[in-house]
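All letters in the sequence shown, in the order written, are residues -22 to -1, 1 to 595 by mature numbering (1 follows the signal peptide of the UniProt record, and there is no 0).
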Amino acid sequence: MRVRTMVVVGLALAFAMATANAETHSIDQHAYFASPEAEQSDRKALLADMAAVVSPTSPTPRELLDYLHRSEALLARAQRHNAWLHLRSALDIDDRETADAKSAMGSADGQLVMQVRTTLRSLGKEGFDKAVAREPALGTYAYLLERAVRSLPHELPDAQQSILDSLSDASSSDYWNIYQKTKRSTDFGKIATASGERDINKDADALLRDPDRSVRQQAWTRRWDAYANRGDIYASILLGVVRLNDRAARLQHFDDAPAAAYFSRQFDRKNVDETTKAVEAQADTLKNYQRIRAEHIGAMTGIVDVHSWDMALPPPGFVAPAFTYENMRSSVLRALRPLGPDYVAHFAALLDPVANRTDLAEKQGTRVSDAFSIAAPGVPAGLFVGTYEGAVKDASVVAHEGGHAIHAQLMNEHGVSPFFNHGPSWMHEGIAILNEMLFYEDLYRNSKDPATRAFYLQSQLDEMTFEIFTSAEEGELEQAIYDGTVGGTIKNAADLDALTLSTISRFEIWPARDPQLAHAWMTKRLMYQDPLYLVNYLYAGLLATKMFDMATRDPADFQKRYARLLAEGFAAKPDDILRRFFGRDLPPGELVAADMEVIRRKTAELAILYKKIEQKQ
């Protein structure tokens, strides 16, 4: 799971939380392999089998089909090993041997897929169509050929591609490591509070909840100042990342780095620009939500000039509910009922403690700080959560990552080919984010106390606005950084500050009050770790919000559409898949407008709740 940081305001999820008795659950690794030795032995045999695959020359249609079936079987075996190795390496962050084995397995997997694509390309569309006429079962692989042909103009000869990959991967890793070390070595300082001395960076969330406003302001301001003091270093890193990716993209015959990144996710700059601008045109929807939130904080605290450092302050006496494992399980299952009884039954089995398909722990220990699903044909999908402390966000993570697990399992149950059980990441994320939105909706609808209802509704709106507006904001900003760097207008930290402040100001109310937000580009870790990925979340958020509206308005109709969507895999273009799902084309502007109606309706409901709470104060 890729992690983003919400930097503009403190969110509802940061409120103080009641204590929950956490539990520890483990995945039964024997479902994958009898022992580490058995896995290692089978992996060795699998790698040998994959290396022995020879691309057929001038195959008959039957020979081609047999070749594809054999490759599928090998990929299915590889997915089981990938799942096992992912889990084992996550349980021990220091286990480099397993992590390296996972990387090697992934490389072998990718090489086999590339060999298959090359084989299909050698036939060409005309040759493939003739083969399909004689062997109709080959028709199910038509999209595999289409994808192979699509990428051909951007593929280099093997030797050149290997050199480019080696240099790019090493340089990208170096930049990411420097970024992490820069942040870790930054002296953010400490601050005295009524409860003792606090670290301004490590205790940032707790400091934003401190009842002393001067403490909140100092902590917030000094944290941004610490970033600014290293702005030149962060700028050197980011501009280096930009130049590296731009050069690599042009060597692969793309116009620029954004074009290359968008191509890999099956959209283009025109589509991205249309979508981000459609969201920007609706910025008043976000600004209205932010003003309502700020006015409520002011009404509850008496603060006249509410700033970013005030926004995480919990209402007087409010303690956010906590979720034991069983309470979380029952809440998530109840929330997912709009997705249908079959979906809920699958999710119940995933979270059943007796089934040993969920792995979570109260204490981190050597576990990685991450959450993800694991899945492979022939094995029930599993769920890993690095730590579970019982906060509502922890429960939301289970709903999200569990959504990935169930999606993968349903594809496996319906026989989706390993060639087609992975699609664009934004589509996978949209399906998982839907679960989070339904989770907050159910808690909001079933809570009685106005303050608790407001907490959950606010959490839901934070999710929706973050995924849509912040993602559009980040997408515009990152693309502008690339354009400006290549064009010579972005040269240093001051230029990045100015661009960031200008971009955020088009979407939000906070930059006008707190200009230190100009430094936010330094905290956008995915710009350094996974460049040009951020806009992915925009498409995921738009899809999830639209599906949320459909699921809550007409569950019966949605369940039929959704069951087909989850079961069919990705053997077609994203536009074709979504056209079947929605029953028609849904242009970006229309999709954005529909989602804005949802956000505005929810914001109006929150404003009414706020008034009730304020009247009781």
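We put the CB at the ideal spot given by N, CA and C, even for glycine.
From the options, residue whose alpha carbon lies closest to that of residue i
i	options	result
Asp136	Trp198, Gln230, Trp404 and His47	Gln230
Glu583	Ala498, Gln436 and Leu516	Gln436
Ala227	Met289, Leu134 and Lys589	Leu134
Asp190	Tyr153, Thr171 and Leu217	Thr171
Leu186	Asp288, Ala238, Asn179 and Ala476	Asp288
Lys265	Glu17, Gln7 and Glu486	Glu486
Val282	Ala290, Leu291 and Ala272	Ala272
Ile169	Lys524, Ala326, Ala182 and Trp499	Ala182
Pro316	Asp420, Ala326 and Asn399	Asp420
Pro236	Leu122, Arg562 and Leu510	Leu510
residue 606	Phe536, Asn305, Ala115 and Ala23	A question about residue 606 goes unanswered here, because the residues of the chain that appear run from -22 up to 595.
Ser81	Arg66, Val94 and Gln93	Arg66
Ser214	Phe526, Arg484, Lys590 and Thr463	Thr463
Asn223	Met528, Ile586 and Asp508	Asp508
Leu69	Asp348, Pro428 and Pro493	Asp348
Ser480	Trp499, Lys469 and Gly465	Trp499
Gln7	Val357, Met28 and Asp563	Val357
Asp203	Phe536, Thr501, Arg539 and Thr581	Thr501
His47	Tyr119, Val322, Asp563 and Arg194	Tyr119
Asp554	Ser19, Phe526 and Phe245	Phe245
Three-state secondary structure assigned by DSSP to residue i
i	result
His392	coil
Ala77	helix
Gly167	coil
Leu46	helix
Ala256	helix
Leu314	coil
Pro299	coil
Ile352	strand
Pro358	strand
Gly343	coil
Gly408	helix
Gly453	helix
Glu113	coil
Asp190	coil
His64	helix
Leu291	coil
Ala369	coil
Gly174	strand
Asp224	helix
Thr336	strand
Val363	strand
His231	coil
Trp154	helix
His285	coil
His400	coil
C-beta contact flag for residue i and residue j at 8 Å
i	j	result
Ser53	Leu90	The identity of residue 53 in the sequence shown is Leu, whereas the question assumes Ser. Cβ distance < 8 Å, so Leu53 and Leu90 count as in contact.
Ala386	Ala359	yes
Thr254	Ala450	yes
Arg243	Pro402	yes
Ala522	Glu575	no
Ala410	Gly381	yes
Glu407	Asn249	no
His64	Ile352	yes
Met415	Met442	yes
Phe301	Gly343	no
Ala490	Tyr588	no
Glu379	Phe350	yes
residue 601	Pro533	Here the chain covers residues -22 to 595 and nothing more, so residue 601 does not appear.
Thr263	Ile211	no
Arg335	Ile591	no
Leu412	Met525	yes
Leu98	Leu123	yes
Integer Cβ distance of residue i from residue j, believed to fall under 8 Å
i	j	result
Leu504	Leu569	Going by Cβ atoms, the distance from Leu504 to Leu569 rounds to 23 Å, so no, they are not a contact pair.
Val110	Gly117	5 Å
Leu512	Glu456	6 Å
Pro299	Met278	The Cβ separation is near 19 Å, so there is no contact.
Lys33	Thr96	The sequence given here has Ser at residue 33, not Lys. Yes, Ser33 and Thr96 are in contact; Cβ-Cβ is about 7 Å, under 8 Å.
Tyr506	Trp154	6 Å
Gln260	Trp488	The Cβ separation is near 17 Å, so there is no contact.
### Any 3 or more C-beta pairs closer than 8 Å across the segment 541 to 554 and the segment 387 to 394
yes
### Task
Indicate whether the contact test is met: 3 or more Cβ pairs, each with one atom in the segment 146 to 161 and one in the segment 210 to 225, closer than 8 Å.
yes
### Query
Counting pairs of Cβ atoms below 8 Å between the segment 456 to 475 and the segment 191 to 201, do you hit three or more?
no
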